[in-house]
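Down below is the structure, laid out as structure tokens.
In this note's numbering, the protein residues as written are 1 to 71.
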């Protein structure tokens, strides 16, 4: 490991990157749904869920990494 990066911090960043994939998949689903005019409200809610999922997993991964590295 490079200097300044602890093992658990690296695991936290890895978890952050991996767990943000559900958010990206939800965002892709929102784009697909938005092509149909009748599904645009549903697409907006799916996109909002994608944003929250990605944000929460990024924050969780960052703070988990900081907590376990002791910073």
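Don't be surprised by glycine CBs; every beta carbon is placed ideally from N, CA and C.
Could you have a look at residue i and say whether DSSP puts it in helix, strand or coil?
i          : result
residue 36 : coil
Buried or exposed for residue i, going by 16 or more other Cβ atoms inside 10 Å?
i          : result
residue 26 : buried
residue 48 : exposed
residue 46 : buried
Assuming residue i and residue j form a contact by the criterion Cβ under 8 Å, report the distance between their Cβ atoms to the nearest whole angstrom.
i          : j          : result
residue 42 : residue 33 : 6 Å
Is the CB of residue i under 9 Å away from at least one CB in chain B?
i          : result
residue 44 : Protein chain content of the structure displayed is limited to a single chain, and chain B is not contained in it.
Are the segment 59-68 and the segment 28-48 in contact at 8 Å, needing three or more beta carbon pairs? no
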